[in-house]
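A.B. asks:
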Amino acid sequence: MTVHNLYIFDRNGTCLHYSEWNRKKQAGISKEEEYKLMYGMLFSIRSFVSKMSPLDMKDGFLAFQTSRYKLHYYETPTGVKIVMNTDLGVPNCRDVLHQIYSTLYVEYIVKNPLCPLGETLQSELFSSRLESFIRALPFFSARAG
Amino acid sequence: MSRQSNRTTESKKMNSELFTLTYGALVTQLCKDYENDEEVNKQLDKMGYNIGVRLIEDFLARSSVGRCHDFRETADVIAKVAFKMYLGITPSVTNWSPAGDEFSLILESNPLVDFVELPDNHSTLVYSNLLCGVLRGALEMVQMAVDVRFAQDTLRGDNVTEIRMKFIKRIEENLPAGDE
Numbered sequence: 074m075t076v077h078n079l080y081i082f083d084r085n086g087t088c089l090h091y092s093e094w095n096r097k098k099q100a101g102i103s104k105e106e107e108y109k110l111m112y113g114m115l116f117s118i119r120s121f122v123s124k125m126s127p128l129d130m131k132d133g134f135l136a137f138q139t140s141r142y143k144l145h146y147y148e149t150p151t152g153v154k155i156v157m158n159t160d161l162g163v164p165n166c167r168d169v170l171h172q173i174y175s176t177l178y179v180e181y182i183v184k185n186p187l188c189p190l191g192e193t194l195q196s197e198l199f200s201s202r203l204e205s206f207i208r209a210l211p212f213f214s215a216r217a218g
Numbered sequence: 055m056s057r058q059s060n061r062t063t064e065s066k067k068m069n070s071e072l073f074t075l076t077y078g079a080l081v082t083q084l085c086k087d088y089e090n091d092e093e094v095n096k097q098l099d100k101m102g103y104n105i106g107v108r109l110i111e112d113f114l115a116r117s118s119v120g121r122c123h124d125f126r127e128t129a130d131v132i133a134k135v136a137f138k139m140y141l142g143i144t145p146s147v148t149n150w151s152p153a154g155d156e157f158s159l160i161l162e163s164n165p166l167v168d169f170v171e172l173p174d175n176h177s178t179l180v181y182s183n184l185l186c187g188v189l190r191g192a193l194e195m196v197q198m199a200v201d202v203r204f205a206q207d208t209l210r211g212d213n214v215t216e217i218r219m220k221f222i223k224r225i226e227e228n229l230p231a232g233d234e
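So the sequence lines, in the order shown, correspond to chains D and L.
Those letters in the first sequence? Residues 74 to 218, by our numbering.
Those letters in the second sequence? Residues 55 to 234, by our numbering.
Structure (structure tokens):
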């Protein structure tokens with residue numbers, strides 16, 4: 074099991090943070106392009122999913138998977154969106170993503186008055202904490218592909 | 055780095071007098087810096103707004119509250135969870151407008167004004183106006199535009215402090231421009 078990459082978007086679709094671990098194949102487009110497409114896809118899935126829902130939605134969509142990877146999605150009511158791609162063996166990651174939001178993003182970015190919101194995150198403290206958090210996950214293993 | 059290593063999202067206790075006095079010092083300084091009360095009110099609201107847009111993230115991280123389905127639920131969460139968490143008080147929610155888009159928060163006691171008496175030359179100062187800004191900023195981040203103002207204030211001789219909140223509209227999320 075492994076983690077491939079992680080995106081954090083804000084409510085306006087700006088990619089605040091991106092990091093990757095065991096991503097062996099690149100998309101062949103620029104990162105900016107990739108963020109845009111990713112956000113566009115999430116936006117569309119989200120709105121379509123809620124239109125199709127027979128009842129009022131609570132959490133929205135949580136994850137989808139292809140034959141090769143699984144995309145985990147977490148969104149706060151303020152519109153912060155955390156997206157993590159893993160391989161197929163990884164179970165539900167809602168708690169993990171919520172933890173990234175509450176113990177890393179809120180603690181190191183939101184509570185730091187010098188960190189501007191809505192721009193790409195520059196905080197090294199945040200990046201290094203996130204890095205060690207992900208590496209410490211039980212399903213993070215550098216060997217797997 | 056080590057300084058921050060044991061940070062958690064648990065709430066920490068803070069001396070309420072220190073809080074009250076700090077807020078008092080802030081308002082006093084604003085009164086010195088600006089010519090009239092109106093301007094001070096505006097500044098307090100602006101500061102509150104900037105606090106609110108960040109505070110909401112902390113609130114969501116700490117509480118397990120999800121998105122509210124209607125304005126009544128929002129009112130309840132503000133009174134019972136948010137005020138409790140940040141100010142240690144639980145205002146009551148009353149005076150709903152018939153359309154259900156406007157309500158009042160009644161504060162029996164307001165920790166911000168514990169030691170305060172308004173001097174005569176500041177008759178139009180809305181001392182706790184920061185709270186309005188916080189509420190406005192926080193709700194704006196969860197796609198709700200609201201109008202918040204003080205309707206009654208114990209500092210002006212009213213029996214209770216009343217914050218009036220009016221729902222204006224839902225802010226729709228839009229796909230950023232330039233996307234195909």
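Glycine included, C-beta positions come from ideal geometry on N, C-alpha and C.
Bear in mind the structure is a predicted one, so any value in this text is a computation, not a measurement.
Locate the beta strand (DSSP E) running through L/ASP124, then write down its first and last residues.
C.D. replies: No beta strand (DSSP E) holds L/ASP124; DSSP gives it neither H nor E.
A.B. asks: Take D/LEU210 and list the residues in its own chain whose beta-carbon comes closer than 8 Å to its own, dropping the five residues that flank it on each side.
C.D. replies: The residues are VAL76, VAL169.
A.B. asks: Closer than 7 Å, CB to CB, is L/ALA115 near chain D or not?
C.D. replies: With 7 Å as the cut-off, L/ALA115 counts as an interface residue toward chain D.
A.B. asks: For L/SER56 and chain D, any beta-carbon pair shorter than 7 Å?
C.D. replies: Only weak support is given to the placement of L/SER56: the predicted model assigns it a pLDDT of 37, under 50, and the question is left unresolved by the model.
A.B. asks: Helix, strand or coil for L/ALA192? Go by DSSP, reduced to three states.
C.D. replies: L/ALA192: helix per DSSP, three-state reduction.
A.B. asks: In the DSSP assignment, find the beta strand (DSSP E) that holds L/ASP112 and state where it starts and stops.
C.D. replies: It is not in any beta strand (DSSP E) - L/ASP112 instead sits in the alpha helix (DSSP H) that spans 91-116.
A.B. asks: Tell me whether the region 130-148 of chain D and the region 75-90 of chain L touch, counting them as touching only if at least three CB pairs, one residue from each stretch, are closer than 8 Å.
C.D. replies: The region 130-148 of chain D, when compared against the region 75-90 of chain L, does not touch it at the 8 Å Cβ threshold.
A.B. asks: Any Cβ of chain D within less than 7 Å of the Cβ of L/ILE225?
C.D. replies: No, because no Cβ of chain D sits closer than 7 Å to the Cβ of L/ILE225.
A.B. asks: Contact between the region 108-126 of chain L and the region 208-216 of chain L is defined here as three or more beta-carbon pairs at a separation below 8 Å; is this criterion met?
C.D. replies: With the cut-off at 8 Å, the region 108-126 of chain L and the region 208-216 of chain L do not touch.
A.B. asks: List the residues of chain L whose Cβ lies closer than 8 Å to the Cβ of D/ASP129, in chain order.
C.D. replies: Within 8 Å Cβ-Cβ: HIS123.
A.B. asks: Return the residue from the list D/GLY86, D/ARG96, D/ASN85 that minimises the CA-CA distance to D/LEU79.
C.D. replies: When only C-alpha atoms are compared, the closest one is D/ARG96.
A.B. asks: Whose Cβ in chain D lies nearer than 8 Å to the Cβ of L/ASP112?
C.D. replies: By Cβ distance, chain D contributes VAL179, VAL183, LYS184.
A.B. asks: Classify L/GLN97 as buried or exposed, calling it buried when 16 or more other Cβ atoms lie within 10 Å of its own Cβ.
C.D. replies: Result: buried.
A.B. asks: Can you pull the DSSP bridge partners for D/GLN138?
C.D. replies: DSSP, once it has assigned bridges, lists D/LYS143 as partnering D/GLN138.
A.B. asks: Are L/SER146 and L/ARG218 touching if we call contact CB-CB under 7 Å?
C.D. replies: No, they are not a contact pair.
A.B. asks: As a quick exercise: from L/VAL202, L/GLN206, L/LEU80, pick the residue whose alpha carbon is nearest that of L/ASN164.
C.D. replies: Checked all of L/VAL202, L/GLN206, L/LEU80; the closest Cα to L/ASN164 is L/GLN206.
A.B. asks: With a threshold of 7 Å between beta carbons, is D/THR149 in contact with chain L?
C.D. replies: So yes, D/THR149 belongs to the interface.
A.B. asks: Cβ of D/SER205 less than 7 Å from any chain L Cβ?
C.D. replies: Not closer than 7 Å to any Cβ of chain L, the Cβ of D/SER205 fails to qualify, so no.
A.B. asks: Contact criterion: CB-CB distance below 7 Å. Does D/SER126 meet it with respect to chain L?
C.D. replies: No, D/SER126 does not count as interfacial toward chain L.
A.B. asks: CA-CA distance, L/CYS186 and D/HIS171?
C.D. replies: Their Cα atoms are separated by approximately 29 Å.
A.B. asks: Buried or exposed, going by whether 16 or more other CB atoms sit within 10 Å of the CB of D/ARG141?
C.D. replies: Looking at its Cβ environment, which holds fewer than 16 other Cβ atoms inside 10 Å, D/ARG141 is exposed.
A.B. asks: Under a CB-based cut-off of 7 Å, is L/VAL236 close to chain D?
C.D. replies: Residue 236 of chain L cannot be examined here, being either before or after the span of chain L that is shown, 55 to 234.
A.B. asks: Considering only residues of the same chain and omitting the five flanking positions on each side of D/LYS131, which have a CB-CB separation below 6 Å?
C.D. replies: Cβ within range, chain order: n/a, list empty.
A.B. asks: Please identify the residue among D/ASN85, D/ILE102, D/CYS166 whose C-alpha is closest to the C-alpha of L/GLU227.
C.D. replies: Taking only the C-alpha atoms, the option nearest L/GLU227 is D/ASN85.
A.B. asks: Note down the Cα distance separating L/VAL202 from L/LYS220, rounded to an integer number of angstroms.
C.D. replies: L/VAL202 and L/LYS220: Cα-Cα distance of roughly 6 Å.
A.B. asks: Using a Cβ-Cβ cut-off of less than 8 Å, list which residues of the region 86-111 of chain L approach chain D; keep chain order.
C.D. replies: The residues in question are VAL107, ARG108, ILE110, GLU111.
A.B. asks: Identify the contact partners of D/ARG84 in chain L, using a Cβ-Cβ distance below 7 Å as the criterion.
C.D. replies: Going along chain L in sequence order, the residues near D/ARG84 (Cβ under 7 Å) are GLU227.
A.B. asks: What does a CB cutoff of less than 7 Å around D/ARG167 pick up in its chain, not counting 5 residues either side in sequence?
C.D. replies: Contacts found: LEU135, TYR147.
A.B. asks: In the DSSP assignment, what residue or residues form a beta bridge with D/TYR91?
C.D. replies: Answer is D/TYR80, bridged to D/TYR91.
A.B. asks: For L/LEU161, I'd like the list of residues in its chain whose CB is within less than 6 Å of its CB, leaving aside the five on either flank, ordered along the chain.
C.D. replies: Result list for L/LEU161: PRO145, THR215, in chain order.
A.B. asks: Going by beta carbon distance, what residues of the same chain come within less than 7 Å of L/VAL119, once the five residues before and after it are set aside?
C.D. replies: Excluding positions up to five away in sequence, the list reads VAL131, VAL135.
A.B. asks: Name the chain D residues whose beta carbon is nearer than 8 Å to that of L/GLY120?
C.D. replies: Within chain D, the residues near L/GLY120 are LYS131, ASP132, PRO150.
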